[in-house]
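J.:
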Amino acid sequence: MLIMNHRRMRDEKMAQLKEGRTAYAETHELIRLIKRDIEREHLHVYFDDTKTGCWFIPMSDKKSS
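Residue numbers for the sequence shown follow our numbering, beginning at 14 and rising by one.
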């Protein structure tokens, strides 16, 4: 079984979000860490909680016509 460092994974997911890319997390601990960092950095992100994990979808400040 491969064990990943949650903080390193969080950093990778946060980098994806800052680049405007969608990120996905499966574990409750990783989801908690990502949500905490999103709040700290005041990012506009939509959370889509599913039975198997959570999608983090960056939202732009611009409105489309």
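Ideal Cβ placement from N, Cα and C applies to all residues, glycine included. Remember, predicted model here, so these are calculated numbers, not experimental data.
(1) In three-state terms, what does DSSP make of P71?
(2) Note down, in chain order, each residue of its chain lying with its Cβ closer than 7 Å to the Cβ of S77, except the 5 sequence neighbours on either side.
(3) In chain order, what residues of the same chain have a beta carbon less than 7 Å from the beta carbon of E39, not counting five sequence neighbours either side?
(4) Thinking just about the alpha-carbon of each residue, which of N18, A28, R21 is nearest to the one in E54?
(5) What's the C-alpha gap between M17 and S73?
T.: In short:
(1) For the purposes of this step, residue 71 is taken as the residue at position 58 of the sequence shown. The answer is strand: DSSP assigns P71 an E or B state.
(2) Here residue 77 is taken as the residue at index 64 of the sequence shown, counted from 1. With a pLDDT of only 47 at S77, under the threshold of 50, the placement of this residue in the model should not be trusted, and no figure is reported.
(3) Numbered from 1 along the sequence shown, position 26 holds the residue referred to as residue 39. Contacts found: T65, G66.
(4) For this step, residue 54 is matched to residue 41 along the sequence shown. The candidate whose alpha carbon is nearest that of E54 is A28.
(5) Taking the first residue of the sequence shown as position 1, residue 17 is located at position 4. Taking the first residue of the sequence shown as position 1, residue 73 is located at position 60. Looking at the two C-alpha atoms, the distance is approximately 30 Å.
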